[in-house]
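According to my numbering, the residues represented by the sequence shown are 38 to 214, in order. Contents: one structure, followed by commentary.
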Amino acid sequence: MRLIRIRAAWLAAAVVAAVTLGGATASVAETPTESGKRGTTLYVDGAVVQRLRLTAGALTTLPRQTVTVTFRGSAGLQTHTYTGPLLRDVFALAGPAFDPAVRGDRVRHTVTATGGDGYRAVLAWAEVDPDFEGKDVLVAVTEDGRATADGRPRLVVPGDVEGSRHVAGLVHLRLSR
Ligand SMILES: Nc1nc2c(c(=O)[nH]1)N[C@H]1C(S)=C(S)[C@@H](COP(=O)(O)O)O[C@H]1N2
Ligand SMILES: [Mo]
Numbered sequence: 038m039r040l041i042r043i044r045a046a047w048l049a050a051a052v053v054a055a056v057t058l059g060g061a062t063a064s065v066a067e068t069p070t071e072s073g074k075r076g077t078t079l080y081v082d083g084a085v086v087q088r089l090r091l092t093a094g095a096l097t098t099l100p101r102q103t104v105t106v107t108f109r110g111s112a113g114l115q116t117h118t119y120t121g122p123l124l125r126d127v128f129a130l131a132g133p134a135f136d137p138a139v140r141g142d143r144v145r146h147t148v149t150a151t152g153g154d155g156y157r158a159v160l161a162w163a164e165v166d167p168d169f170e171g172k173d174v175l176v177a178v179t180e181d182g183r184a185t186a187d188g189r190p191r192l193v194v195p196g197d198v199e200g201s202r203h204v205a206g207l208v209h210l211r212l213s214r
């Protein structure tokens, strides 16, 4: 277990260094404020090797995926195309601190996504883990070809009929055991 954590820490450090060299900021988090009045910083923390605070710029340097989703939202049924890094890739930067000594450790973890208005939605880690459902949940930075209206990422959960888990104005992602 120790070895795995150390390796994950190195990997996270290397990627964070790469992202920082790319001209964006990704570093150890301060305590996130749920009010979220801190620009467009996205805090990633909880059961991770390396807490992160990712600027919008840092997010745009990560490999990007595209998904088109149809969901029931405030304006009825709507379809949008989003691009951004995968949620699991963002957490790969932080290094999920799973414990191989605990039976089924990954399936007891959840991700809580919080918007700047305090709105929250929860996913099971297994929804995005490729060994389980492996869904391409995005930390979207564009909607229909343009940057999101508030300049903050949006969680996009393909397959959801209701729009409730597409957390807008994302400020915090937390992995919990
Ligand atoms: N931050 C935040 N995200 C949110 C909400 C919210 O109140 N705050 N509402 C959710 C709900 S219930 C729905 S249906 C969709 C609506 O998305 P839309 O505003 O793009 O139609 O956003 C979701 N994401
Ligand atoms: Mo909703």
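From the three backbone atoms N, C-alpha and C, an ideal C-beta is built for every residue, glycine too.
Environment of Y156 [buried if 16+ CB atoms lie within 10 Å] | exposed
Coil, strand or helix - A158 by DSSP | Residue state, collapsed to three classes: strand.
Please confirm whether any heavy atom of ligand 1 lies closer than 8 Å to the CB of A205.
-> For ligand 1, at least one heavy atom lies less than 8 Å from the Cβ of A205.
Over what stretch of residues does the alpha helix (DSSP H) that includes L124 continue unbroken?
-> L124 to A131
Which residues in the same chain as D187 place their Cβ atom closer than 6 Å to its Cβ, once the five residues preceding and following it in sequence are excluded?
-> G206
Helix, strand or coil: which one does DSSP assign to E170?
-> coil
Do you know how far the Cα of A138 is from the Cα of Q102?
-> 33 Å
Cβ of A177 within 9 Å of Cβ of L192?
-> yes
Taking the C-alpha atoms as reference points, what is the distance between L123 and D166?
-> Roughly 11 Å between the two C-alpha positions.
Could you name each continuous alpha helix (DSSP H) segment of 4 residues or more that falls completely within the region 88-124, going from the start of the chain to the end?
-> 93-97
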